[in-house]
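At position 108 of the sequence shown the residue is numbered 100 (this note's numbering), and the sequence of numbers has no breaks.
Worksheet: one structure, shown below.
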Amino acid sequence: MAQLLLVQVLPSPWWVPDLLVVALVVAMSAQPNRWVALSAAAGLCQSVWAVRFPWHIVMSYVGVGWLAMLAHARWNAADWRVQALAVGAGVAMVTAVGLGLDALWSLDAIGLAGVRVGLTVLSFFLLRRIADSSLG
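Put into structure tokens, the structure is as follows:
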């Protein structure tokens, strides 16, 4: 019983790539012209703990950086709605790459991926609210 409770309390390892996408989007909102360096650094950080397909993971983060750069070029990079859109699209892209590489496509997997994207966007709003309140 204690082990079951402990498993429920521990954060999921899926939060690592999701929060890395959030960090990438927020960093790019401050410096959108450095999208290649920021997304490559995020991809390399993520590939450190990846067991398989490390270069595919790096390239997926470069793709996320490219998508975020396009969103920031078209709209105001400081706008929270643009950042939330970039976070949602980025997490969906990283998740789709992971599901595709492992050939795990099913309706259940797609549904769980949608929940994952939604939870990450909600965590983005929560983290942004915490940051805004602590910065004044």
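Positions of the beta carbon are idealized from the N, C-alpha and C atoms, including for glycine.
Remember, predicted model here, so these are calculated numbers, not experimental data.
Note down, in chain order, each residue of its chain lying with its Cβ closer than 6 Å to the Cβ of residue i, except the 5 sequence neighbours on either side.
i	result
Leu99	none
Ala84	Val109
Ser125	none
Ala22	none
Leu(-2)	The predicted model places Leu(-2) with a pLDDT of 48, which falls under 50 and marks its position as unreliable; any figure quoted below should be read in that light. Nothing listed; no residue qualifies.
For residue i, collect the residues of the same chain with a Cβ closer than 8 Å to its Cβ; drop the 5 residues on either side in sequence, then sort them by chain order.
i	result
Thr87	Ala105, Arg108, Val109
Trp97	Leu91
Leu30	Leu16, Ala19, Met20, Gln23, Gly57
Ala76	Val113, Phe116, Phe117
Asn68	Val74
Apart from the five residues just before and just after residue i, which ones in its own chain have a Cβ nearer than 7 Å to its Cβ?
i	result
Cys37	Leu12
Arg66	none
Would you give the residue range spanned by the alpha helix (DSSP H) that residue i belongs to?
i	result
Trp7	7 to 22
Ser39	27 to 40
Ala78	72 to 93
Ser52	46 to 66
Between the beta-carbon of residue i and the beta-carbon of residue j, is there less than 8 Å?
i	j	result
Ala32	Leu16	no
Val89	His48	yes
Val14	Leu119	yes
Val79	Phe116	yes
Ala81	Leu111	no
Measuring only the C-alpha atoms, how far is residue i from residue j?
i	j	result
Met(-7)	Leu114	Confidence in Met(-7) is poor, its pLDDT being 49 and thus under 50, which makes the residue's placement too unreliable to answer from.
Val28	Tyr53	10 Å
Leu62	Val50	19 Å
Val74	Ala123	17 Å
Ser39	Asp10	13 Å
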